[in-house]
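Visitor: Numbering (full-length UniProt numbering), first residue to last: 1 to 284. Idealized CB from N, CA, C, for every residue including glycine. Quick caveat, the model's predicted, so the values are computed rather than measured. Below you will find the structure I want to go over with you.
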């Protein structure tokens, strides 16, 4: 099923989605002369989520609203080249607060996290050079996630950042069973050698001033996805560079001399668009 993305009137729909999904509880409290309703928001909890393939164990992070007893759609969150760190966990928590079950996957095994760009580059390169193995890791995570009692049988989606953005684009290009693939400042490297049909929606959020993502490569990936049946939307954010969604980008840029930078406006706009896409793909 193709997801059709609308790019206006985002905020009202997102607010209604949050209200509908969050399993809100209302408790009457007496206050002076009037009765006041106290609303309890979502109770998000995260936990270790292990899965195995190829003799290796992977340590993901599962976030969900434990106050909500109704099964909800699942979203995979694929980390940056640093590995499954606090940033990916935070995004999973945010999705859980909005009514999804979010799994931040571990693409490196044993929860490994890089502390230097050289190490991160080596980790990510190893994954991208062996797409069948990468796909097997994702399939193992999805298979176990689908068995969780909190997960609804309504399909899954995937979002990813930088390296993770490249992963989710390749997930779509290889025809994996997801309803939507959403990339934030993702690397458009085509790791899939034999593209397969994909009828879901693909959003690619890109910094217009990103020196690490070449326009030719980005357009090549978009065309390849369209050729397989995907409905593709590329959004370029003026003035934004690589890593524009992460507040930690400025610190990493200063420490390692990388062309990174946080852009609050681009972060907010891309996140709202992604939530709308997830809502349309998984909750219609």
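What first and last residue would you give for the alpha helix (DSSP H) that runs through residue 117?
Guide: Taken as a continuous stretch (DSSP letters only), the alpha helix (DSSP H) holding residue 117 covers 117-128.
Visitor: Is the separation between the beta-carbon of residue 212 and that of residue 173 shorter than 8 Å?
Guide: No; because the gap between Cβ atoms is not below 8 Å, this pair is not in contact.
Visitor: Take the Cβ of residue 40 as the centre, count every other Cβ of all protein chains shown within 10 Å, and call the residue buried at 16 or more, exposed below.
Guide: Exposed: under 16 other Cβ atoms inside 10 Å.
Visitor: From the DSSP output, in three-state form, read off residue 107 for me.
Guide: Three-state result, residue 107: coil.
Visitor: Classify residue 194: buried if its beta carbon has 16 or more other beta carbons within 10 angstroms, exposed otherwise.
Guide: With fewer than 16 Cβ atoms within 10 Å of its Cβ, residue 194 is classed as exposed.
Visitor: Determine the contact status of residue 59 and residue 47, defining contact as a CB-CB distance below 8 Å.
Guide: For residue 59 and residue 47, no; Cβs fall outside 8 Å.
Visitor: Nearest to residue 101 by alpha carbon, out of 247, 108, 107 and 89?
Guide: Out of 247, 108, 107 and 89, 89 has the C-alpha closest to the C-alpha of residue 101.
Visitor: With 8 Å set as the bound, which would you pick, yes or no: does the beta-carbon of residue 157 sit closer than that to a beta-carbon of chain B?
Guide: Structure shown: chain B not included; a single protein chain is present.
Visitor: For residue 202, list the residues DSSP reports as bridge partners.
Guide: DSSP output for residue 202 lists 181 and 232 as bridge partner(s).
Visitor: Below 8 Å on the Cβ atoms is my contact criterion, and I expect residue 201 with residue 281 to pass it. Report the Cβ-Cβ distance as a whole number of Å.
Guide: The pair is a contact, with the Cβ atoms about 6 Å apart (cut-off 8 Å).
Visitor: Is the distance from the Cβ of residue 137 to the Cβ of residue 107 below 8 Å?
Guide: Their beta carbons are under 8 Å apart, which means residue 137 touches residue 107 by this criterion.
Visitor: Express the C-alpha separation of residue 264 and residue 66 in angstroms, rounding to a whole number.
Guide: For residue 66 and residue 264, the distance between alpha carbons rounds to 30 Å.
Visitor: Can you tell me the Cα-Cα spacing of residue 251 and residue 184, whole angstroms?
Guide: One C-alpha to the other measures close to 19 Å.
Visitor: Residue 206: buried (16+ other C-beta within 10 angstroms of its C-beta) or exposed?
Guide: By the neighbour-count rule (16 or more Cβ atoms within 10 Å), residue 206 is buried.
Visitor: Taking residue 204 as the reference, give the member of 156, 186, 114 and 105 with the closest Cα.
Guide: Per the Cα distances, 186.
Visitor: Using 10 angstroms around the beta-carbon of residue 37, count the other beta-carbons present and answer buried if the total reaches 16, otherwise exposed.
Guide: Exposed, since its Cβ has fewer than 16 Cβ neighbours within 10 Å.
Visitor: Would you list, in sequence order, the uninterrupted alpha helix (DSSP H) runs of no fewer than 4 residues that lie entirely inside the segment 128-162?
Guide: Qualifying alpha helix (DSSP H) stretches, in chain order: 131-146.
Visitor: According to the Cβ coordinates, are residue 178 and residue 157 closer than 8 Å?
Guide: Yes, these two residues count as a Cβ contact at 8 Å.
Visitor: Please report the distance separating the alpha-carbon of residue 227 from that of residue 175.
Guide: Distance between the alpha carbons of residue 227 and residue 175 is about 12 Å.
Visitor: Pull up the distance between the alpha-carbon of residue 76 and that of residue 103, whole angstroms please.
Guide: Their Cα atoms are separated by approximately 5 Å.
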